[in-house]
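Just below is one structure, and these are the notes that go with it.
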Amino acid sequence: MNITIFGTGYVGLVTGACLADVGHHVLCVDVDEAKIEGLKKGVIPIYEPGLEPVVVNNHEAGRLTFTTDAEEAVKFGQIQFIAVGTPPDEDGSADLQYVLAVARSVGQYMEDYRIIVDKSTVPVGTGDKVNKAVAEVLSERGKQLEYDIVSNPEFLKEGAAVGDFMKPDRIVVGAESERAIDIMREVYEPFNRNHDRMVVTDVRSAELIKYAANAMLATKISFMNEIANLAEKLGADVEQVRLGIGADPRIGYHFIYPGCGYGGSCFPKDVKALARTAGEVDYNAELLNAVESVNDRQKLSLVNKIKSHFADQLEGKTFAVWGLSFKPNTDDMREASSRVLMEHLWQSGAKVQAYDPEAMKETQRIYGDNDKLTLCGTKEQALKGADALVICTEWKEFRSPDFDLIKESLSNAVIFDGRNLYDPVRMARRDINYYGIGRGLSIKPVV
Numbered sequence: 000m001n002i003t004i005f006g007t008g009y010v011g012l013v014t015g016a017c018l019a020d021v022g023h024h025v026l027c028v029d030v031d032e033a034k035i036e037g038l039k040k041g042v043i044p045i046y047e048p049g050l051e052p053v054v055v056n057n058h059e060a061g062r063l064t065f066t067t068d069a070e071e072a073v074k075f076g077q078i079q080f081i082a083v084g085t086p087p088d089e090d091g092s093a094d095l096q097y098v099l100a101v102a103r104s105v106g107q108y109m110e111d112y113r114i115i116v117d118k119s120t121v122p123v124g125t126g127d128k129v130n131k132a133v134a135e136v137l138s139e140r141g142k143q144l145e146y147d148i149v150s151n152p153e154f155l156k157e158g159a160a161v162g163d164f165m166k167p168d169r170i171v172v173g174a175e176s177e178r179a180i181d182i183m184r185e186v187y188e189p190f191n192r193n194h195d196r197m198v199v200t201d202v203r204s205a206e207l208i209k210y211a212a213n214a215m216l217a218t219k220i221s222f223m224n225e226i227a228n229l230a231e232k233l234g235a236d237v238e239q240v241r242l243g244i245g246a247d248p249r250i251g252y253h254f255i256y257p258g259c260g261y262g263g264s265c266f267p268k269d270v271k272a273l274a275r276t277a278g279e280v281d282y283n284a285e286l287l288n289a290v291e292s293v294n295d296r297q298k299l300s301l302v303n304k305i306k307s308h309f310a311d312q313l314e315g316k317t318f319a320v321w322g323l324s325f326k327p328n329t330d331d332m333r334e335a336s337s338r339v340l341m342e343h344l345w346q347s348g349a350k351v352q353a354y355d356p357e358a359m360k361e362t363q364r365i366y367g368d369n370d371k372l373t374l375c376g377t378k379e380q381a382l383k384g385a386d387a388l389v390i391c392t393e394w395k396e397f398r399s400p401d402f403d404l405i406k407e408s409l410s411n412a413v414i415f416d417g418r419n420l421y422d423p424v425r426m427a428r429r430d431i432n433y434y435g436i437g438r439g440l441s442i443k444p445v446v
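Numbering that gives the first Met the number 0 numbers the first residue of the sequence shown as 0 and each following residue consecutively.
Here it is, written out as structure tokens:
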């Protein structure tokens with residue numbers, strides 16, 4: 000099948016590459032000329048494990064091509080995927096300008112039947128807006144052409160997006176047309192060989208499924224962070240609590256890890272957008288607002304522990320920071336807890352020596368030349384001469400470090416662990432002052 004993908008970010012590029020990998024012919028279009036030229040040369044603009052060989056191999060095979068020409072793109076594929084960004088507006092609502100711009104382009108250049116698929120995460124009712132945008136342009140052209148609107152939300156985890164696409168747990172398709180549903184079944188048939196993973200709904204329900212899924216996961220995280228904060232005050236260990244409640248199959252172990260707050264391109268934006276959508280229909284989504292509030296507060300948890308330990312005297316101090324991306328296996332720093340931490344440390348007169356396996360270039364792009372930030376080539380270099388170690392991201396290489404080297408390198412044997420990687424009892428035995436999240440023992444540092 001010939002398929003067009005508008006957008007070559009996480010969603011668009013992964014979708015295009017994976018669809019090409021099962022035999023479809025895919026044309027990806029983007030307004031960024033430099034990005035498109037790079038993709039033609041095999042330069043992948045994002046870090047996503049396993050994505051590069053899929054893109055390169057399918058481009059070399061001729062199944063995956065790239066362009067900046069919207070007219071070429073619209074005429075290429077019967078199926079037009081919209082996978083462009085929907086950044087939050089100042090009021091928290093999703094900005095649909097790029098989605099609707101693509102819709103108008105499709106309306107401008109289509110000459111026969113098209114299926115227009117919203118792959119981007121969009122508010123409930125966006126399908127209607129896309130439909131209206133296409134209809135208006137066709138009317139201006141004096142054309143009466145058939146088309147269908149489909150909602151096909153993505154459920155890709157950054158760091159595992161290729162695997163999630165190739166082996167999906169569900170494929171949600173929201174459509175009102177049997178013709179569109181049948182064609183979408185053909186698109187995804189290679190991913191349904193083991194069993195039918197398609198969940199067919201109306202368009203609005205499909206749009207709400209995506210927001211509801213992300214809001215539910217964010218809720219679990221914020222709930223566990225509330226329990227962690229309570230555990231600290233009660234002298235309990237949230238890691239033991241986590242194991243105890245996770246054993247209940249109704250709860251499970253997924254997304255109940257306490258930490259220094261969630262980030263990324265999805266959870267913060269989607270929780271805000273869903274709460275905003277609720278407000279637009281005069282519904283006060285108290286739980287959603289609380290989820291966001293708890294997360295905002297949780298991102299200050301490490302800052303507060305650091306200030307408490309050093310009696311608010313951070314001027315002139317240097318902190319080693321391990322982990323800058325919002326989660327492991329990505330270079331994405333959008334809404335990352337590390338950013339909140341570092342910016343507060345700088346405001347207090349401290350400096351940062353930071354290391355991340357993948358997000359160093361992104362950190363440089365965001366902060367430029369900052370005399371209070373030193374980017375280090377290894378995690379060991381980040382330690383040298385620092386007053387304490389702060390962990391913001393649970394990369395695998397941080398799980399079993401050389402604790403003797405940490406003690407030798409730091410001016411003070413102090414670790415602030417925002418991801419609970421280490422055992423407080425073992426840290427105490429090593430004479431390391433250890434502050435985790437919700438660890439009862441972490442409020443009893445070694446004297």
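Glycine included, C-beta positions come from ideal geometry on N, C-alpha and C. Predicted model only: the values in this text are computed from it and were never measured.
Would a C-beta distance cut-off of 7 Å place residue i and residue j closer than the cut-off?
i, j, result
"A284", "P122", "no"
"F154", "V13", "no"
"L453", "F415", "The chain is shown only over 0 to 446; residue 453 falls outside these bounds and no answer can be derived."
"L409", "A385", "yes"
"T66", "A72", "yes"
"I180", "V199", "yes"
"C375", "G417", "no"
"T317", "K209", "no"
"V202", "K118", "no"
"P257", "A217", "no"
"Y434", "K304", "yes"
"G76", "Y97", "no"
"G6", "A82", "yes"
"A358", "M332", "yes"
Would residue i count as contacting chain D if we go by Cβ distances under 7 Å?
i, result
"Y434", "In summary, chain D is missing from the structure at hand, where a single protein chain is found."
Please report the distance separating the alpha-carbon of residue i from that of residue j.
i, j, result
"F325", "S336", "6 Å"
"Y252", "E145", "47 Å"
"A349", "K128", "48 Å"
"K298", "S104", "40 Å"
"K268", "K74", "33 Å"
"A41", "D20", "It should be pointed out that residue 41 corresponds to Gly in this sequence rather than to Ala. C-alpha separation (whole angstroms): 15 Å."
"I4", "A310", "54 Å"
"E379", "M223", "31 Å"
"N151", "S264", "18 Å"
"C27", "G15", "7 Å"
"P444", "M183", "In this prediction, P444 has a pLDDT of 44, which is less than 50 and means its spatial position is unreliable; what the coordinates show is noted afterwards. Approximately 58 Å, taken between the alpha carbons."
"P167", "R192", "12 Å"
"G260", "T377", "25 Å"
"Y108", "E70", "6 Å"
"S441", "I244", "Because S441 carries a pLDDT of 45, less than 50, the predicted location of this residue cannot be relied on, and no value is offered for it."
"E47", "K395", "16 Å"
"G367", "I35", "25 Å"
"G158", "V149", "27 Å"
"H24", "I2", "6 Å"
"H194", "E175", "23 Å"
"E139", "D68", "21 Å"
"G91", "A60", "42 Å"
"M426", "D147", "60 Å"
"N432", "L372", "24 Å"
"L99", "R428", "59 Å"
"E393", "G322", "7 Å"
"R178", "D29", "28 Å"
"A102", "E32", "20 Å"
"I45", "G8", "8 Å"
"D403", "L420", "16 Å"
"V116", "L18", "14 Å"
With distance defined between alpha-carbon atoms, name the residue in the options nearest to residue i.
i, options, result
"A387", "L372, R184, I405", "I405"
"R338", "D295, Q312, C375, E314", "D295"
"A160", "E36, A33, N328", "N328"
"V424", "I226, E238, E185", "E238"
"F80", "N303, G126, A33", "G126"
"Q346", "A211, A353, E314, E47", "E314"
"E231", "G22, M0, I436, T7", "I436"
"E185", "G234, N130, G22", "G22"
"V290", "E225, R169, V53, L137", "E225"
"A277", "G162, L207, G37", "L207"
"H58", "A102, L38, A134", "L38"
"I114", "A211, S292, V172", "V172"
"G106", "G141, D88, A93, P86", "G141"
"Y112", "L137, I43, E89, D281", "L137"
List the DSSP bridge partners of residue i.
i, result
"C27", "I4, F65"
"K350", "T317"
"Y146", "R113"
"T200", "G173"
"F80", "I4, V116"
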